[in-house]
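Residue numbers (my numbering): 2 to 115.
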């Protein structure tokens with residue numbers, strides 16, 4: 002009977018140690034899960050910060066591109082006005098040359114016939 006009692010006590014102690022070991026393992030597992038969750042949270046925060054920074058850079062590049070496009074369009078419009086003015090001036094010059102040659106032709110004819 003004493004032997005059976007000793008074996009029972011040994012089994013109870015073994016079971017108690019296993020329970021303590023299981024609880025310790027579960028606690029460690031919970032701690033590891035908590036560290037993993039925290040690490041994932043930090044990684045997500047870093048990723049979000051990088052995405053925000055990237056979005057800001059893209060927005061700035063888009064703004065600069067729009068400014069460059071607007072400046073190019075303005076320059077093109079100004080150049081078009083200059084070209085139109087130059088064409089008008091060339092046409093005026095051509096008309097003056099033609100008018101002048103018409104007015105000189107009769108004089109030349111008179112000079113030649115005299």
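For glycine and all other residues, C-beta sits at the position ideal for the given N, C-alpha and C.
Helix, strand or coil for residue i per DSSP?
| i | result |
| --- | --- |
| residue 7 | helix |
| residue 76 | helix |
| residue 109 | For residue 109, the predicted structure reports a pLDDT of 49, less than 50, and the residue's modelled location is therefore unreliable. The matter cannot be settled from this model. |
| residue 2 | coil |
Note down the Cα distance separating residue i from residue j, rounded to an integer number of angstroms.
| i | j | result |
| --- | --- | --- |
| residue 62 | residue 86 | 36 Å |
| residue 68 | residue 60 | 12 Å |
| residue 81 | residue 41 | 58 Å |
| residue 38 | residue 12 | 38 Å |
| residue 44 | residue 8 | 53 Å |
| residue 72 | residue 103 | 46 Å |
| residue 83 | residue 56 | 40 Å |
| residue 93 | residue 101 | 12 Å |
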